[in-house]
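Line by line, the protein sequences are chains A and B.
Start counting the first sequence at 25; every next residue gets the next number (the working numbering).
Start counting the second sequence at 5; every next residue gets the next number (the working numbering).
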Amino acid sequence: MVRVDGGGNGSSLVRVRGLDKKYQRGSEEIHVLQGLNLDVDAGDFVAFMGPSGSGKTTLLNLLGGLDLPSAGTIVVAGDEITHLSGSRLTEWRARHVGFIFQMYNLIPVLTAFQNVELPLLLTKLSKAERRSHVEMALEVVGLKDRMNHFPRQLSGGQEQRVGIARAIVADPTFLLCDEPTGDLDRKSADEIMDLIDRLVREHRKTVLLVTHDPMAAERAHVVLHLDKGVLVEGQGTGERAGVRS
Amino acid sequence: MKYSALILSNLFRKKIRTVLTIGSFAVALFLFGLLAVVHGAFNQGIDVAGVDRVVVINKVSIIQPLPVSYEERMLRIPGVKAVTHANWFGGVYQDERNFFPQFAIEDDTYRPMFPEFVVPDDQWKAYMDDREGAIVGAELAKRFKWKVGDRIPIKGTIFQGTWDFNLRGIYQGKRIQDDNTQFWFHYKYLEERENPFWKGLIGWYTVKVANPDDSARIAKQIDETFSNSPWETKTDTEKAFAASFAKQAGNIGFLIMSIGAVVFFTLLLVTGNTMAIAVRERVRDLAVLKAVGFSDVFVLVLVLAESLLIAAVGGALGLAGAKLLTLGGDPTHGMLPFFYLSPQTVVVGFSVALVVGVVAGLLPAITAMKLNVVAALRRV
Numbered sequence: 025m026v027r028v029d030g031g032g033n034g035s036s037l038v039r040v041r042g043l044d045k046k047y048q049r050g051s052e053e054i055h056v057l058q059g060l061n062l063d064v065d066a067g068d069f070v071a072f073m074g075p076s077g078s079g080k081t082t083l084l085n086l087l088g089g090l091d092l093p094s095a096g097t098i099v100v101a102g103d104e105i106t107h108l109s110g111s112r113l114t115e116w117r118a119r120h121v122g123f124i125f126q127m128y129n130l131i132p133v134l135t136a137f138q139n140v141e142l143p144l145l146l147t148k149l150s151k152a153e154r155r156s157h158v159e160m161a162l163e164v165v166g167l168k169d170r171m172n173h174f175p176r177q178l179s180g181g182q183e184q185r186v187g188i189a190r191a192i193v194a195d196p197t198f199l200l201c202d203e204p205t206g207d208l209d210r211k212s213a214d215e216i217m218d219l220i221d222r223l224v225r226e227h228r229k230t231v232l233l234v235t236h237d238p239m240a241a242e243r244a245h246v247v248l249h250l251d252k253g254v255l256v257e258g259q260g261t262g263e264r265a266g267v268r269s
Numbered sequence: 005m006k007y008s009a010l011i012l013s014n015l016f017r018k019k020i021r022t023v024l025t026i027g028s029f030a031v032a033l034f035l036f037g038l039l040a041v042v043h044g045a046f047n048q049g050i051d052v053a054g055v056d057r058v059v060v061i062n063k064v065s066i067i068q069p070l071p072v073s074y075e076e077r078m079l080r081i082p083g084v085k086a087v088t089h090a091n092w093f094g095g096v097y098q099d100e101r102n103f104f105p106q107f108a109i110e111d112d113t114y115r116p117m118f119p120e121f122v123v124p125d126d127q128w129k130a131y132m133d134d135r136e137g138a139i140v141g142a143e144l145a146k147r148f149k150w151k152v153g154d155r156i157p158i159k160g161t162i163f164q165g166t167w168d169f170n171l172r173g174i175y176q177g178k179r180i181q182d183d184n185t186q187f188w189f190h191y192k193y194l195e196e197r198e199n200p201f202w203k204g205l206i207g208w209y210t211v212k213v214a215n216p217d218d219s220a221r222i223a224k225q226i227d228e229t230f231s232n233s234p235w236e237t238k239t240d241t242e243k244a245f246a247a248s249f250a251k252q253a254g255n256i257g258f259l260i261m262s263i264g265a266v267v268f269f270t271l272l273l274v275t276g277n278t279m280a281i282a283v284r285e286r287v288r289d290l291a292v293l294k295a296v297g298f299s300d301v302f303v304l305v306l307v308l309a310e311s312l313l314i315a316a317v318g319g320a321l322g323l324a325g326a327k328l329l330t331l332g333g334d335p336t337h338g339m340l341p342f343f344y345l346s347p348q349t350v351v352v353g354f355s356v357a358l359v360v361g362v363v364a365g366l367l368p369a370i371t372a373m374k375l376n377v378v379a380a381l382r383r384v
């Protein structure tokens with residue numbers, strides 16, 4: 025069950041309490057997130073919407089351990105990440121988080137295979153095991169036959185699918201998707217959303233998605249709207265808003 | 005190594021730039037190798053100087069002679085084991101460009117004084133039996149394709165006329181640094197044939213001491229023995245003599261150090277700039293690596309490894325080039341008889357290249373290490 029009132033029980037996969045994030049821009053202090061609460065269970069698919077600058081990506085960065093909050097706590101799978109040191113946070117990210125970026129962020133000089141293999145280089149898997157995992161991930165996204173292609177040899181949709189394979193290859197606790205369809209045409213965007221949908225339904229992945237695209241958001245179990253630094257359930261979204269499947 | 009693809013692929017992101025940077029290292033290390041070879045050639049005499057030998061020359065200058073009669077008097081000094089002498093001949097073989105040193109030597113004492121030069125006994129005997137006999141170094145014989153039995157005409161410059169010699173033997177130095185380009189002939193032949201002015205005069209003495217620790221004392225005693233005479237002497241250890249001889253060509257060591265320092269400093273700037281650009285261009289990739297879970301230290305090592313690899317490949321190519329050049333022998337036709345790049349120099353050069361690689365990559369690597377992932381991803 026997804027809750028934003030801070031009333032969730034301790035069994036949530038992601039538990040956020042009183043999350044604050046402030047930025048200093050010159051002499052001005054910008055309060056992006058204000059006392060935000062959130063509970064997400066394993067297997068949930070949550071979409072975050074809101075206008076530009078509302079703090080969606082900031083929230084995602086905080087949940088993914090890329091940034092530290094000004095106040096509040098984030099607990100993921102029992103680990104309180106807000107007080108971890110930089111190096112511990114890096115290790116935690118490698119184990120628990122799969123990032124899917126708007127601009128795909130594939131390394132251009134590596135092949136699809138090598139890009140997907142990156143998170144596995146941090147594990148103790150043998151070369152053969154890594155190969156098997158990478159091929160499996162590319163199979164899931166339907167690009168096994170393109171594994172030796174470089175990003176420049178792939179279409180935008182294919183690049184994003186490689187990005188998704190990279191995100192899932194190490195079987196992370198949850199996937200954080202920052203506008204994954206923002207740079208794609210409608211058809212490719214739908215294909216990517218189909219794939220993410222399938223990861224949730226068939227592979228029981230927990231997905232937190234930031235998007236401006238209402239059609240992408242409609243795929244989520246719950247759509248949360250960020251407004252003035254706090255989360256509000258279901259505002260301005262489709263009929264499934266606020267409903268847990 | 006599982007990270008090799010990551011390192012290598014980044015290096016070939018901008019192939020031309022990588023090749024040019026490697027080329028900079030190669031050229032610098034090639035130059036280093038050559039300078040070291042020239043330095044070694046000038047200092048060869050110092051390296052191979054006998055610790056138990058001192059050299060006695062005329063106090064005025066080495067080109068001024070000394071009386072042959074000094075030999076007996078020096079032998080009477082306590083601690084002196086043996087004495088030999090030689091003259092600089094300064095002749096020309098065929099063409100003035102064919103420079104090599106020719107010495108008129110004292111037959112009985114020269115060979116035991118320099119045991120590092122090995123002459124087969126039968127060849128030495130043949131030399132002793134021939135008034136016009138000569139012995140040459142193996143390298144010199146190879147250079148002019150001389151073989152034992154050849155007749156060699158040398159045109160005198162200090163000692164006038166054409167002097168014909170019969171090649172009776174070829175010596176070979178025991179060590180790689182030994183000078184194998186000398187030409188020896190009988191002092192007696194010089195004395196007999198030259199005009200009376202030179203009779204009883206020699207160029208310099210080499211004195212073997214019983215105990216190397218006594219060298220300084222004996223050198224002082226020799227000079228004191230002949231002080232206030234018409235032919236005062238200046239005695240030095242063979243090493244000091246070789247060093248002062250090398251200095252006649254200027255402070256080669258300082259010159260080489262200066263050029264080397266400038267070259268390596270420039271290389272440092274070039275490589276540092278290249279690595280800084282390479283890191284700036286890859287801010288997004290490095291941020292992604294960190295987001296995926298690669299540590300700050302890993303990113304630091306990654307950038308350093310790339311810089312180090314460039315230095316290693318470039319350095320190895322440059323030193324290999326220098327080594328190849330030296331294999332062809334002395335390109336100056338006799339001015340640098342010891343034209344050799346030693347393994348020690350290769351190790352030093354390669355180490356310097358690696359240090360430059362690390363230092364040049366350090367600042368960009370620290371920048372990459374400190375990269376803020378959120379800011380870097382937002383920047384793109």
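Glycine included, every Cβ here is placed at the ideal spot set by N, Cα and C.
> Which bits of chain B does A:Thr-117 rub up against, with CB to CB less than 9 Å?
Replying inline: For the purposes of this step, residue 117 of chain A is identified with residue 93 of the first sequence, where counting begins at 1. Before going on, a small fix: residue 117 of chain A reads as Arg here, not Thr. What A:Arg-117 touches in chain B: Lys-294, Ala-295, Val-296 and Gly-297.
>> Whole angstroms are fine: how far does the CA of B:Gly-44 sit from the CA of B:Glu-345?
In response: Locating residue 345 of chain B in the second sequence gives position 341, counting from the first residue. Locating residue 44 of chain B in the second sequence gives position 40, counting from the first residue. Note that residue 345 of chain B is Leu in the sequence shown here, rather than Glu. For B:Leu-345 and B:Gly-44, the distance between alpha carbons rounds to 8 Å.
> Between the beta-carbon of A:Arg-119 and the beta-carbon of A:Gly-89, is there less than 7 Å?
Replying inline: Reading the first sequence from its first residue, position 95 is the one you call residue 119 of chain A. Reading the first sequence from its first residue, position 65 is the one you call residue 89 of chain A. No.
>> Going by DSSP in three states, B:Arg-77 sits in which element: helix, strand or coil?
In response: Taking the second sequence and counting its residues from 1, the one referred to as residue 77 of chain B is at position 73. DSSP places B:Arg-77 in helix when its eight states are reduced to three.
>> Between the alpha carbons of B:Ile-263 and B:Arg-80, how many angstroms are there, rounded?
In response: Position 259 of the second sequence, counted from the first residue, corresponds to residue 263 of chain B. Position 76 of the second sequence, counted from the first residue, corresponds to residue 80 of chain B. Cα to Cα, B:Ile-263 sits roughly 49 Å from B:Arg-80.
> Can you list the beta strand (DSSP E) stretches of 3 or more residues lying completely in the region 113-181 of chain B, in chain order?
Replying inline: 137-141, 155-159 and 166-177
> Which residues in chain A sit within 7 Å of B:Arg-17, going by Cβ to Cβ distance?
Replying inline: Reading the second sequence from its first residue, position 13 is the one you call residue 17 of chain B. Going along chain A in sequence order, the residues near B:Arg-17 (Cβ under 7 Å) are Val-133.
> For B:Val-238, is the classification buried or exposed, using 16 other Cβ atoms within 10 angstroms of its Cβ as the cut-off for buried?
Replying inline: Mapped onto the second sequence, residue 238 of chain B falls at position 234. Per the sequence shown, the amino acid found at residue 238 of chain B is Lys instead of Val. When all chains shown are included, B:Lys-238 counts as buried.
> Which value, in whole angstroms, describes the spacing of the CA atoms of B:Ala-309 and A:Arg-228?
Replying inline: Indexing the second sequence from 1 puts residue 309 of chain B at position 305. Indexing the first sequence from 1 puts residue 228 of chain A at position 204. Approximately 40 Å, taken between the alpha carbons.
> Going along chain B in order, which residues have a C-beta closer than 7 Å to the C-beta of A:Asp-91?
Replying inline: Your numbering for residue 91 of chain A matches position 67 in the first sequence. Result: Val-378.
> From B:Val-385 to A:Phe-125, what does the alpha carbon distance come to, in whole angstroms?
Replying inline: Chain B is shown from 5 up to 384; residue 385 of chain B falls before or after that span and cannot be answered.
>> If distances are taken between C-alpha atoms only, which option among A:Leu-219, A:Asp-237 and A:Arg-41 comes closest to A:Val-231?
In response: Translated into the one-based positions of the first sequence, residue 231 of chain A becomes position 207. Cα-wise, what sits closest to A:Val-231 is A:Leu-219.
> When DSSP labels each residue in this structure, what does B:Ala-108 get in the three-state scheme?
Replying inline: The residue given as residue 108 of chain B occupies position 104 in the second sequence. In the structure shown, B:Ala-108 sits in a strand (DSSP, three-state: E or B).
>> Using the Cβ count rule (16 or more neighbours within 10 Å means buried), how would you classify B:Asp-289?
In response: In the second sequence, residue 289 of chain B corresponds to position 285, counting from 1. It is buried - the Cβ of B:Asp-289 has at least 16 other Cβ atoms within 10 Å.
> Shortest alpha-carbon distance to B:Phe-163 belongs to which of B:Asn-199, B:Asn-47 and B:Tyr-74?
Replying inline: Start at 1 with the first residue of the second sequence, and residue 163 of chain B comes out as number 159. Selected option, being the one with the closest Cα: B:Asn-199.
> Within 7 Å (strictly less), CB to CB, does A:Pro-143 reach chain B?
Replying inline: Locating residue 143 of chain A in the first sequence gives position 119, where the first residue counts as 1. A:Pro-143 counts as touching chain B.
> Helix or strand or just coil, what does DSSP make of B:Asn-91?
Replying inline: The residue labelled residue 91 of chain B in the question sits at position 87 within the second sequence. Strand.
>> Which of the three DSSP states is assigned to A:Asp-7 in this structure?
In response: The displayed coordinates of chain A run from 25 to 269. Any statement about residue 7 of chain A would go beyond what the structure contains.
> Taking Cβ positions, are B:Ser-13 and A:Leu-134 nearer each other than 7 Å?
Replying inline: As a working mapping, residue 13 of chain B is identified with position 9 in the second sequence. As a working mapping, residue 134 of chain A is identified with position 110 in the first sequence. Against a cut-off of 7 Å, the Cβ pair of A:Leu-134 and B:Ser-13 comes out as a contact.
>> Does any residue of chain B have a CB that is nearer than 7 Å to the CB of A:Thr-197?
In response: What you label residue 197 of chain A is simply residue 173 of the first sequence in a count that begins at 1. It does not: the Cβ of A:Thr-197 has no partner Cβ on chain B nearer than 7 Å.
> Is it true that the CB of A:Asp-202 sits closer than 7 Å to the CB of A:Leu-57?
Replying inline: Position 33 of the first sequence, counting from 1, holds the residue named residue 57 of chain A. Position 178 of the first sequence, counting from 1, holds the residue named residue 202 of chain A. Using a Cβ distance threshold of 7 Å, A:Leu-57 and A:Asp-202 do not count as a contacting pair.
> What does B:Ala-282 touch in chain A if you count any residue whose Cβ is under 7 Å from its own?
Replying inline: What you label residue 282 of chain B is simply residue 278 of the second sequence in a count that begins at 1. The premise fails here: B:Ala-282 is roughly 11 Å from chain A at the closest Cβ pair, so nothing lies under 7 Å.
>> Going by DSSP in three states, B:Pro-368 sits in which element: helix, strand or coil?
In response: Residue 368 of chain B sits at position 364 when you count from the first residue of the second sequence. Of the three classes helix, strand and coil, the one that applies to B:Pro-368 here is helix, per DSSP.
> Does the region 172-191 of chain B come close enough to the region 131-140 of chain B to have 3 or more Cβ pairs within less than 8 Å?
Replying inline: yes
> By how many angstroms is the C-alpha of A:Gly-32 removed from the C-alpha of A:Leu-113?
Replying inline: For the purposes of this step, residue 113 of chain A is taken as residue 89 along the first sequence, with counting starting at 1. For the purposes of this step, residue 32 of chain A is taken as residue 8 along the first sequence, with counting starting at 1. Between A:Leu-113 and A:Gly-32, the C-alpha separation is close to 25 Å.
> What number of angstroms, rounded off, separates the C-alpha of A:Val-193 from the C-alpha of A:Val-140?
Replying inline: Your numbering for residue 193 of chain A matches position 169 in the first sequence. Your numbering for residue 140 of chain A matches position 116 in the first sequence. Going by the C-alpha atoms only, they are around 7 Å apart.
> Are B:Phe-29 and B:Gly-353 close, meaning C-beta to C-beta below 7 Å?
Replying inline: To locate residue 29 of chain B, count along the second sequence from 1; it is residue 25. To locate residue 353 of chain B, count along the second sequence from 1; it is residue 349. No, these two residues do not count as a Cβ contact at 7 Å.
> Would B:Gly-319 pass as a contact of B:Ala-364 if the rule is Cβ separation under 7 Å?
Replying inline: By 1-based counting over the second sequence, the position of residue 319 of chain B is 315. By 1-based counting over the second sequence, the position of residue 364 of chain B is 360. For B:Gly-319 and B:Ala-364, no; Cβs fall outside 7 Å.
> Would you say A:Phe-72 reaches chain B, if we count a Cβ-Cβ gap shorter than 7 Å as a contact?
Replying inline: Sequence index remark: in the first sequence, residue 72 of chain A carries index 48 (1-based). Chain B, which has no Cβ nearer than 7 Å to the Cβ of A:Phe-72, makes this no.
> Whole-angstrom Cβ separation of B:Val-305 and B:Thr-25, contact assumed at under 8 Å?
Replying inline: Mapped onto the second sequence, residue 305 of chain B falls at position 301. Mapped onto the second sequence, residue 25 of chain B falls at position 21. Not quite, the Cβ-Cβ distance comes to about 19 Å (not below 8 Å), so this is no contact.
>> Is B:Ser-346 close to chain A? Criterion is C-beta to C-beta, closer than 7 Å.
In response: Sequence index remark: in the second sequence, residue 346 of chain B carries index 342 (1-based). No, its Cβ sits nowhere closer than 7 Å to a Cβ of chain A.
>> Below 9 Å on C-beta distance, what does B:Ser-388 contact in chain A?
In response: Examination of residue 388 of chain B is not possible in this model, given that chain B is present from 5 through 384 alone.
> Run through DSSP, which three-state label would A:Met-73 get?
Replying inline: Stepping through the first sequence from its first residue, residue 73 of chain A is reached at position 49. Strand at A:Met-73.
> Of the choices B:Thr-22, B:Pro-71, B:Leu-38 and B:Leu-15, whose alpha-carbon is the least far from that of B:Leu-329?
Replying inline: For this step, residue 329 of chain B is matched to residue 325 along the second sequence. When each option's Cα is compared against that of B:Leu-329, the closest is B:Leu-38.
> Assuming B:Ala-316 and B:Gly-361 make a contact with CB atoms under 8 Å, what is their CB distance in whole Å?
Replying inline: Numbered from 1 along the second sequence, position 312 holds the residue referred to as residue 316 of chain B. Numbered from 1 along the second sequence, position 357 holds the residue referred to as residue 361 of chain B. Correct: roughly 7 Å between the Cβ atoms.
>> If I follow the unbroken beta strand (DSSP E) through B:Phe-269, where does it start and stop?
In response: Your numbering for residue 269 of chain B matches position 265 in the second sequence. Not the beta strand (DSSP E): B:Phe-269 falls in the alpha helix (DSSP H), residues 256-285.
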